[in-house]
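Asker: Protein chains in written order, with our numbering: chain R, 1 to 219; chain X, 220 to 309.
Here it is: the structure, laid out below.
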Amino acid sequence: MVDSLFPSIIEPTGDDNTSPESRRKRRRISETAKEAESSSSKAQRISEESSKRWRTSRVQQIYASKLVEALRRARQRSTDAGKITTTSAAAREIRDTADRVLAASARGASRWSRSILARRSRVPAMSMKKHRKAKSAGGRKPRKDAAAAAERKRNKLPAVERKLKILGSLVPGCRKVTVPNLLDEVTDYISALEMQVRAMESLAELLAAAAPRMALTRP
Amino acid sequence: MSSRRSRQSGSSRISDDQISDLVTKLQHLIPELRRRRSGKVSASTVLQETCSYIRNLHREVDDLSDRLSELLASTDDNSAEAAIIRSLLN
């Protein structure tokens with residue numbers, strides 16, 4: 001049995017003929033269908049899809065069992081290497097493992113999941129420095145009346161734009177994403193996080209119930 | 220050449236349509252905002268609530284990781300219990 005973080009593929013799609021022609025036809029049909037959808041029903045569809053993807057109990061069960069496997073493997077690896085000493089380091093490892101398994105469950109369908117999986121280890125954000133330099137280079141404009149109007153307009157929006165940026169920074173890999181894409185990512189990310197919380201919560205309850213002796217002997 | 224209302228929906232300017240779109244969709248998503256249902260939530264509020272909601276979820280995951288690290292430390296020695304847990308989960 002192959003040990004891997006990626007869940008085994010795939011659900012049956014009923015896709016028997018995978019010839020390029022039929023695939024192209026299908027894609028074209030679905031594209032025109034998408035255009036015909038009004039934006040509100042599309043919004044509902046996306047959030048429903050996210051719900052279906054992350055809210056079924058089956059998904060949660062699968063995640064929970066994969067998480068347990070991954071946690072045991074990670075603990076084994078760390079104790080063998082003698083790395084884990086403090087509970088905070090252990091907690092961080094659990095957090096990282098949980099995030100990776102969560103991202104793997106997304107099967108590469110979302111940007112945030114791909115970004116999490118691309119993180120090999122805790123690398124400091126070096127791209128931040130590049131950002132800062134570019135901004136200061138272009139910000140030296142003389143303040144004249146003509147530019148004051150533009151300044152005022154800029155000052156009207158920044159609350160929203162600023163918050164949009166913060167939102168983008170909260171979702172992994174979504175700092176420079178367009179607004180509609182950011183929306184899709186946020187929707188999916190929130191549903192996934194909610195599932196992660198539910199699964200970890202139930203896991204903690206199970207473990208607490210399974211080891212009452214240990215809980216009692218704690219001071 | 221700056222027009223009075225620069226409505227370019229390029230990467231630099233965000234159109235109002237996109238924002239109102241974002242607001243309505245996020246409103247359905249965030250439990251805090253679903254409860255309010257006043258129909259007149261500002262974009263700024265929605266974004267603020269979304270950000271704090273995500274931060275809360277992150278914090279919950281961190282807390283759960285702490286709890287799990289303590290629990291796993293105590294059950295490591297007992298592989299029989301681990302087998303029970305695994306079977307319960309499947």
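Glycine included, every Cβ here is placed at the ideal spot set by N, Cα and C.
Does ALA74(R) get closer than 8 Å to chain X when you measure Cβ to Cβ?
Answerer: ALA74(R) does not count as touching chain X.
Asker: Could you tell me the distance, in whole angstroms, from the CA atom of ARG162(R) to the CA atom of ILE273(X)?
Answerer: Computed Cα separation, rounded: 16 Å.
Asker: Please classify GLU185(R) as buried or exposed, where buried requires at least 16 other C-beta atoms within 10 Å of its C-beta.
Answerer: Counting Cβ neighbours within 10 Å, GLU185(R) comes out buried, since at least 16 surround it.
Asker: What is the DSSP secondary structure of GLU289(X), counted as helix, strand or coil?
Answerer: Residue state, collapsed to three classes: helix.
Asker: Between the C-alpha atoms of LEU206(R) and SER234(X), what's the straight-line distance to the nearest angstrom?
Answerer: C-alpha separation (whole angstroms): 48 Å.
Asker: From ASP188(R) to LYS244(X), what does the alpha carbon distance come to, in whole angstroms?
Answerer: When rounded, the distance between both Cα atoms is 12 Å.
Asker: Do you know how far the Cα of VAL160(R) is from the Cα of VAL283(X)?
Answerer: Before going further, note that residue 283(X) is Leu rather than Val in the sequence given. About 32 Å.
Asker: Please report how far the alpha carbon of VAL179(R) lies from the alpha carbon of THR79(R), in whole angstroms.
Answerer: Distance between the alpha carbons of VAL179(R) and THR79(R): 44 Å.
Asker: Could you give the distance in angstroms between the alpha-carbon of SER88(R) and the alpha-carbon of ARG100(R)?
Answerer: Answer to the nearest angstrom: the Cα atoms are 18 Å apart.
Asker: Need the endpoints of the alpha helix (DSSP H) that ARG77(R) sits in, please.
Answerer: From DSSP, the alpha helix (DSSP H) with ARG77(R) extends over 57-81.
Asker: Would you mind sorting THR56(R) into buried or exposed? The rule is 16 or more other CB atoms within 10 Å of its CB.
Answerer: Exposed is the call here.
Asker: Compare the C-alpha of LEU269(X) against each of MET195(R), SER202(R), MET200(R), LEU183(R) and name the closest.
Answerer: Per the sequence shown, the amino acid found at residue 269(X) is Thr instead of Leu. Of the listed residues, the one whose Cα sits closest to THR269(X) is LEU183(R).
Asker: Flag this pair as yes or no: are the beta carbons of TRP54(R) and MET195(R) separated by less than 8 Å?
Answerer: Cβ atoms of TRP54(R) and MET195(R): closer than 8 Å.
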